[in-house]
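Notes to accompany the following structure.
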RNA sequence: GCCCGAGUAGCUCAGGGGAUAGAGCAGCGGCCUUCUAAUCCGCUGGUCGGGGGUUCGAAUCCCUCCUCGGGCACCA
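In this note's numbering, the protein residues as written are 57 to 614.
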């Protein structure tokens, strides 16, 4: 039995009690939280529902708890109900009822943990969105890992998600970029304010391959050619880096196409119709202060050129038009100044800033002793980090901290293959469990046993460590739903560490395969062996499902 | 100055109205003739930054102060 199922039982019992007039309640709460108590003395699961409903029901918490406890005691699968403290209801399950979960998980396979709490929402998740003028670097790394993990979480909870990358390919920076490439092409130093780094020389080489005569052309002619080829090549490299990092984007939107397609002008017109645009001092302004921004923002400068914000506006309206109910932005703390204007923009566009737009601000990360990349310039390149630390270690580490805590990654730790390194701890648990299963098979233990029941007897999974492991496995779907709802992938990582610990502890005490006697004789395969194999494989499944949510591999051997 | 975020064990950090505040590392001490010891078991370790408030109950919510990090463009 999972906590969700138990929660449903508590709810129905509550409804029955209300219907029978034992409890004076008009409404039954949607959510009855059932939690694993910290202390095992408090049963398998506990709920504080009696404390929460005591006031509306006009009863003392313990009295209400008593009413519910009597009814709960009659429910199937529940072996004991106790009232404790101010009015907690502590519930103990039948061993068989708890153990049944092992089989349910194996049968649900990769769908175990998936839930429908976000069904019906269509989410646009924008993250990374690095400039196409250079390689991805440490500043993008955390958002790539976190954004992709969040995307997986949201999908697992039933949402439709589009991972989107916004390419800032308009504006002056592209010409600066091209000038840097041209300078390298001619063997000159990059101009003041240009882009350093050897990658510019490599891009120049690519330009030369496509246009061997480029050096002979005059600069005004050569500039757009160099710009386009270098841009294309740089984006190709960025995509490759992202793929190496296991991050996939569904849509790349180019800022330039917003200009060229006229969407920018349309956006200004639309916002003007909505009554939020105003001409002042020769410029065109969006009155974002109407919606809580601390100052109005210019859309079209006095010289007639649109601002970056105008493109943002057009882009937002474009996303809106594409039908996304929620637009999520993942931004670094260095962009926190954008929150006010983006929210105000959403409001000006007619959206509800509580539900239709969400801006997640994350603190910055650093890596102790990371070397600036000569190749990539004055930055720490993501490619180098991947090569140095590995995708799994990086993604797991970045995935295990809340976005709003600043982190300083210790490379020695990420490279270490010990208990200190959480990613190895979790992956090792998975590999170990896979090995245990292989060993069990080799000794004739199969999940499909000789009997009709497949040799699975849930009631045999009654060892203390088994109860503990089953309880952890049971928490997974609730955890996924909650992590998705809170947009906090790190909860998955923390959960996996707990689960791995529960597995290791179980493994140390409970043999799966039959043991060998002192005289070297192998004991016969029993239903206990088979049942434990189910539990082992259920753990493999949940570890794998959880690691997959983080975009981290689950090796079968280590 | 204004706006975000953080402050929890020696260190790195979880926990964000519920029961005795947790984990890993570090320190001390135990388990390998049987499925992976990259594991497990025990002990030690706390003014949850300070002060007020809200309530049956506060690390958690509110106010205030202190310290640290980040941000405050007709840049892209």
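Even for Gly, the Cβ is constructed at its ideal location relative to N, Cα and C.
In the DSSP assignment, the alpha helix (DSSP H) including residue i goes from what residue to what residue?
| i | result |
| --- | --- |
| residue 231 | 228-241 |
| residue 364 | 364-377 |
| residue 135 | It is not in any alpha helix (DSSP H) - residue 135 instead sits in the beta strand (DSSP E) that spans 134-140. |
| residue 61 | 59-75 |
| residue 356 | That residue, residue 356, is in no alpha helix (DSSP H); its beta strand (DSSP E) goes 353-356. |
| residue 532 | 520-542 |
| residue 174 | No alpha helix (DSSP H) holds residue 174; DSSP gives it neither H nor E. |
| residue 557 | 546-565 |
| residue 321 | 319-329 |
| residue 442 | 438-445 |
| residue 119 | 117-129 |
| residue 468 | 467-471 |
DSSP state of residue i, grouped into three classes?
| i | result |
| --- | --- |
| residue 278 | helix |
| residue 457 | coil |
| residue 251 | coil |
| residue 92 | coil |
| residue 391 | helix |
| residue 480 | helix |
| residue 386 | strand |
| residue 207 | helix |
| residue 292 | helix |
| residue 103 | strand |
| residue 344 | helix |
| residue 307 | strand |
| residue 425 | coil |
| residue 193 | strand |
| residue 187 | coil |
| residue 335 | strand |
| residue 312 | helix |
| residue 578 | strand |
| residue 272 | helix |
| residue 163 | helix |
| residue 416 | strand |
| residue 14 | Limits of the chain in this structure are 57 at one end and 614 at the other, which puts residue 14 out of reach. |
| residue 182 | strand |
| residue 572 | strand |
| residue 256 | helix |
With a CB to CB cut of under 6 Å and the five nearest residues on each side skipped, what residues in its chain are close to residue i?
| i | result |
| --- | --- |
| residue 220 | 180, 182, 307 |
| residue 395 | 415 |
| residue 603 | 610 |
From which residue to which residue does the beta strand (DSSP E) around residue i run?
| i | result |
| --- | --- |
| residue 585 | Element bounds for residue 585: not the beta strand (DSSP E) but the alpha helix (DSSP H), 583-606. |
| residue 146 | 144-149 |
| residue 219 | 216-223 |
| residue 511 | No beta strand (DSSP E) holds residue 511; DSSP gives it neither H nor E. |
Using the beta-carbon count (16 or more within 10 Å), is residue i buried or exposed?
| i | result |
| --- | --- |
| residue 293 | buried |
| residue 364 | exposed |
| residue 348 | exposed |
| residue 670 | The requested residue 670 is not part of the displayed model; the chain covers only 57 to 614. |
| residue 406 | exposed |
| residue 90 | buried |
| residue 176 | exposed |
| residue 171 | buried |
| residue 451 | buried |
| residue 208 | buried |
| residue 495 | exposed |
| residue 238 | buried |
| residue 338 | exposed |
| residue 448 | buried |
| residue 475 | exposed |
Leaving out five residues on either side along the sequence, give the residues of the same chain with a beta carbon under 7 Å from the beta carbon of residue i.
| i | result |
| --- | --- |
| residue 78 | 123 |
| residue 625 | An answer regarding residue 625 cannot be provided, because it is not within the stretch 57 to 614 covered by the chain. |
| residue 334 | 341, 343 |
| residue 558 | 524, 525, 528 |
| residue 590 | 158, 159, 162, 503, 512 |
| residue 133 | 57, 149, 150, 153 |
| residue 402 | 372, 409, 412, 413 |
Any heavy atom of the ligand PLP closer than 8 Å to the beta-carbon of residue i?
| i | result |
| --- | --- |
| residue 573 | Because no ligand of any kind appears in the structure shown, any question about the ligand PLP cannot be addressed here. |
Apart from the five residues on each side of it in sequence, which residues of its chain come closer than 8 Å, Cβ to Cβ, to residue i?
| i | result |
| --- | --- |
| residue 458 | 544, 546 |
| residue 165 | 597 |
Does the contact criterion of 3 or more C-beta pairs under 8 Å hold for the segment 328-340 versus the segment 299-318?
The segment 328-340 vs the segment 299-318: no contact.
Within the chosen definition, does the segment 458-467 reach the segment 416-436 through at least 3 CB pairs nearer than 8 Å?
The answer is yes - the segment 416-436 touches the segment 458-467, with three or more Cβ pairs under 8 Å.
So does the segment 351-362 actually touch the segment 211-218, counting three or more Cβ pairs closer than 8 Å?
Contact between the segment 351-362 and the segment 211-218 is absent, because fewer than three Cβ pairs lie under 8 Å.
Just checking, does the segment 257-264 make contact with the segment 278-293 on the three C-beta pairs under 8 Å criterion?
Flag = yes, the segment 257-264 and the segment 278-293 touch.
Check whether the segment 132-148 and the segment 157-172 touch, using three or more Cβ-Cβ pairs below 8 Å as the test.
Counting Cβ pairs under 8 Å, fewer than three are found: no touch.
Between the segment 395-404 and the segment 434-443, are three or more C-beta pairs nearer than 8 Å?
Verdict: no, contact absent.
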